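>
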Amino acid sequence: MKICVVGAGYVGLVSAAILADWQHNVVCVDHNEQKIEDLLAGKLPIFESGLQELVELNRLGKYLRFTAEMAEALRGCEMIIVAVGTPPAENGHPNLEDFWAVIKSFRENVRNDVIVMIKSTVPVGTGEEVSLYLNEKGSYKFSVVSAPEFLRQGTAVHDFLHPDRLVVGCMSPEIREQMKELFQPLNCPKVFTDWHSAEMIKYASNSFLALKISYINTIANLCEAVGGNIQDVAAAVGLDHRIGQAYLKPGVGFGGSCLAKDTQGLIAQGEVHGVNVWMFKDVLEVNYEQRVHVVQRLTEVLGNLKSRKIAILGLAFKANTDDLRDAPSVTIIAQITKLGGLVKVYDPVVDSSSLPDAISVNTVDNPYTACQGADAVIVLTEWEEFLDLDLKRLQRSMNAPIFIDGRYLFERKRLLEAGFFLPERPSSSEWPVVQSMISAR
Ligand code: UDX
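Each residue of the sequence shown is one higher than the one before, starting from 2 at the first, in the working numbering.
#1: Tell me whether the region 208-222 and the region 136-151 touch, counting them as touching only if at least three CB pairs, one residue from each stretch, are closer than 8 Å.
#2: Rounding to the nearest angstrom, what Cα-Cα distance links residue 46 and residue 416 in this structure?
#3: Can residue 151 be considered in contact with ligand 1, in the sense that its beta carbon sits closer than 7 Å to one or more heavy atoms?
#4: Determine the burial state of residue 243: buried for a count of at least 16 other Cβ atoms within 10 Å of its Cβ, exposed for fewer.
#5: If you measure between the beta carbons of residue 149 and residue 202, is that distance less than 8 Å?
#6: For residue 369, which option in 350, 395, 344 has the closest C-alpha, if you only look at C-alpha atoms?
#7: With DSSP collapsed to three states, give me the class of residue 311.
#8: So which of 332, 176, 387, 390 has the shortest CA-CA distance to residue 362?
#9: Please return the same chain residues whose Cβ sits closer than 7 Å to the Cβ of residue 113, not counting the five positions on each side in sequence.
#10: Given a cut-off of 8 Å, decide if residue 266 and residue 291 are closer than it, judged by their beta-carbon atoms.
#11: Given 7 Å as the limit, tell me if residue 249 has its C-beta closer than that to any heavy atom belonging to ligand 1.
#12: Could you tell me whether any non-hydrogen atom of ligand 1 is closer than 7 Å to the CB of residue 35?
#13: If you count every other CB in all the chains shown that lies within 10 Å of the CB of residue 429, and 16 or more means buried, which is it?
#14: Pick out whichever of 164, 117, 130 has its Cα sitting closest to the Cα of residue 145.
#15: Output needed for residue 16: all residues of its chain with C-beta closer than 8 Å, excluding positions within five of it in sequence on either side, in chain order.
#16: Bridge partners for residue 339 per DSSP, in chain order?
#17: Look at the Cβ atom of residue 405, then the Cβ atom of residue 377, and state whether they are nearer than 8 Å.
#18: Could you compute how far the alpha carbon of residue 346 sits from the alpha carbon of residue 230?
#19: Can at least three beta-carbon pairs, one atom from the region 249-264 and one from the region 307-326, be found at a separation below 8 Å?
#20: Confirm the yes/no value for this check: CB of residue 50, any heavy atom of ligand 1, distance under 7 Å.
#21: Looking at the unbroken beta strand (DSSP E) that takes in residue 81, where does it start and where does it end?
#22: For residue 246, count neighbouring Cβ atoms within 10 angstroms of its own Cβ and tell me buried if that reaches 16, exposed if not.
#23: Specify the secondary structure class of residue 368 as computed by DSSP and reduced to three states.
#24: What are the partner residues of residue 95, as DSSP defines its beta bridges?
#25: Answer yes or no: the CB of residue 259 versus the heavy atoms of ligand 1, is any distance below 7 Å?
#26: Would you be able to state if there are at least three C-beta pairs under 8 Å between the region 279-286 and the region 302-318?
#27: If you draw a straight line from the C-alpha of residue 37 to the C-alpha of residue 374, how long is it?
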């Protein structure tokens with residue numbers, strides 16, 4: 002098949018590289034000329050395990066090419082995949098400006114019948130709207146397919162190839178057969194449904210994952226208050242197969258480009274149609290509170306944050322990605338610096354230049370330097386390499402041994418054995434001791 006993929010982000014690049022690997026003739030187009038120039042020079046705009054190799058291999062095999070020229074890319078294509086970003090707008094609805102600009106360009110440039118596969122996350126009803134718009138003139142047939150993508154950053158290639166399910170929304174039996182053939186290499190349950198349901202499945206899935214995380218964080222906060230080891234609790238709750246282990250990791254909550262955005266999108270759609278969506282508002286509220294909670298704990302234990310040296314380990318919104326979109330680290334660092342704290346950060350892959358300009362931090366190239374002389378250390382990304390840290394060495398180099406493990410990465414016992422104080426449960430007997438330790442150092 003001759004396929005044009007519009008958008009060279011996570012979803013677009015991964016889809017383009019894999020479809021090329023399946024020996025389709027793929028052109029990936031993006032209006033960001035710099036991005037295309039980089040791709041032509043062999044430089045990927047994102048850090049994604051296995052993707053670089055896949056792109057290089059298929060460019061060499063000539064199944065994959067990149068361009069910034071939309072009209073040229075669309076020429077003669079049998080299928081167009083739309084994978085442009087739909088970032089959240091102020092009102093919670095996704096911003097569909099880029100999306101519709103792309104759809105409009107199809108009407109202007111396409112000169113044959115074509116399948117338009119929507120992979121961007123779009124509000125329910127968009128597939129139908131796109132179909133009506135593209136087929137208005139009636140000169141060529143645009144067959145719209147809604148095929149939401151569920152891949153996670155960091156494991157995107159693996160997730161594309163081994164999804165839990167494939168969801169395809171389309172309205173014609175003929176196109177359904179073509180989709181079955183296209184996705185034949187995927188060995189997973191395949192759900193064929195209508196456009197609206199396919200679009201809703203994406204929102205429903207992401208908001209459920211968000212809900213699970215906010216649920217476990219609420220239980221974690223209760224454990225801190227009334228006692229109980231949240232790691233044991235989460236593991237045991239997750240062993241009930243009706244609940245499942247996934248997305249029950251407590252901590253500073255979810256970040257990234259999708260969970261909050263899609264939950265917001267669902268709220269916005271509910272509000273437009275007068276549906277009660279309060280539970281999803283709580284999911285977002287709990288998630289934000291997790292970030293505030295870290296700063297509150299720090300302020301409580303240190304008295305105040307003015308000129309306090311705080312080490313941050315991990316900036317990315319999760320491990321194995323260099324993405325900072327909606328990362329808990331950005332909110333937490335902004336709050337600490339606003340309160341006068343001096344922040345030193347270490348992250349194995351994130352380039353600190355991607356932090357917002359308003360945030361002033363000192364970035365260092367190893368975790369020991371970040372913690373040298375610090376009054377507290379906070380882990381905000383679950384990078385596996387942190388598990389190899391010499392915790393005793395880290396503890397000895399600090400001004401005060403306060404450790405906030407925002408990802409429950411370490412076993413509590415290991416941190417306590419290294420001599421750290423974990424300010425997780427306010428206890429009248431422990432706090433004065435640690436506070437006197439801080440002032441004595
Ligand atoms: C998500 C969806 O999982 C994916 O299906 C969709 O296509 C895009 O959005 P992604 O944003 O890449 O993927 O990240 P994910 O791995 O789902 O994690 C999201 C956030 O939740 C991260 O910040 C992660 O640290 C956090 N998280 C995840 C938890 O705090 N606890 C968990 O148990 C799981």
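All C-beta atoms in this analysis are idealised placements derived from N, C-alpha and C, irrespective of residue type, glycine included. Remember, it's a predicted structure, so these values are computed and weren't measured experimentally.
So, from the listed chains and residues:
#1: Cβ pair count under 8 Å is below three, so no.
#2: Position 45 of the sequence shown, counted from the start, is the residue given in the question as residue 46. Position 415 of the sequence shown, counted from the start, is the residue given in the question as residue 416. The alpha-carbon atoms of residue 46 and residue 416 are separated by roughly 37 Å.
#3: Mapped onto the sequence shown, residue 151 falls at position 150. Within the cutoff, so yes.
#4: Numbered from 1 along the sequence shown, position 242 holds the residue referred to as residue 243. Under this definition residue 243 is an exposed residue.
#5: Translated into positions along the sequence shown, residue 149 becomes position 148. Translated into positions along the sequence shown, residue 202 becomes position 201. The answer is yes: Cβ separation under 8 Å.
#6: Along the sequence shown, one-based indexing puts residue 369 at 368. Closest option to residue 369, judged by alpha-carbon separation, among 350, 395, 344: 395.
#7: Start at 1 with the first residue of the sequence shown, and residue 311 comes out as number 310. It is a strand residue.
#8: Numbered from its first residue, the sequence shown carries residue 362 at position 361. Checked all of 332, 176, 387, 390; the closest Cα to residue 362 is 332.
#9: Counting from 1 along the sequence shown, the entry for residue 113 is found at position 112. So the list reads 77, 141, once near-sequence residues are dropped.
#10: Numbered from 1 along the sequence shown, position 290 holds the residue referred to as residue 291. Numbered from 1 along the sequence shown, position 265 holds the residue referred to as residue 266. In this structure, residue 266 does not lie closer than 8 Å to residue 291 by Cβ.
#11: Reading the sequence shown from its first residue, position 248 is the one you call residue 249. With a cutoff of 7 Å, residue 249 counts as near ligand 1, since its C-beta is closer than that to a heavy atom of the ligand.
#12: By one-based count along the sequence shown, residue 35 stands at place 34. Distances between the C-beta of residue 35 and the heavy atoms of ligand 1 are all 7 Å or more.
#13: The residue given as residue 429 occupies position 428 in the sequence shown. Residue confidence for residue 429 is low, a pLDDT of 48 falling below 50, so the modelled location carries little weight and cannot support an answer.
#14: In the sequence shown, the residue the question calls residue 145 occupies position 144. That would be 117, whose Cα lies nearest to the Cα of residue 145.
#15: Indexing the sequence shown from 1 puts residue 16 at position 15. Result list for residue 16: 6, 82, 84, 120, 150, 161, in chain order.
#16: Sequence index remark: in the sequence shown, residue 339 carries index 338 (1-based). Partner(s): none; residue 339 has no beta bridge.
#17: Against the sequence shown, residue 405 aligns to sequence position 404. Against the sequence shown, residue 377 aligns to sequence position 376. Yes, the pair counts as a contact, with Cβ atoms nearer than the cut-off.
#18: By one-based count along the sequence shown, residue 346 stands at place 345. By one-based count along the sequence shown, residue 230 stands at place 229. Taking the Cα positions, residue 346 is about 29 Å away from residue 230.
#19: Contact between the region 249-264 and the region 307-326 is present, with at least three C-beta pairs closer than 8 Å.
#20: Position 49 of the sequence shown holds residue 50. Relative to the non-hydrogen atoms of ligand 1, the Cβ of residue 50 never comes closer than 7 Å to any of them.
#21: Along the sequence shown, one-based indexing puts residue 81 at 80. Looking at the DSSP string, the run of the beta strand (DSSP E) that includes residue 81 is 80-83.
#22: Here the question's residue 246 lines up with position 245 in the sequence shown. It counts as exposed.
#23: Stepping through the sequence shown from its first residue, residue 368 is reached at position 367. The answer is helix: DSSP assigns residue 368 an H, G or I state.
#24: As a working mapping, residue 95 is identified with position 94 in the sequence shown. As computed with DSSP, residue 95 is found in a beta bridge with 89.
#25: The residue you call residue 259 lines up with position 258 of the sequence shown. Here the distance from the Cβ of residue 259 to the nearest heavy atom of ligand 1 is below 7 Å.
#26: Note that the region 302-318 does not touch the region 279-286; fewer than 3 beta-carbon pairs, one per stretch, sit closer than 8 Å.
#27: Against the sequence shown, residue 37 aligns to sequence position 36. Against the sequence shown, residue 374 aligns to sequence position 373. In a straight line, the C-alpha of residue 37 is about 44 Å away from that of residue 374.
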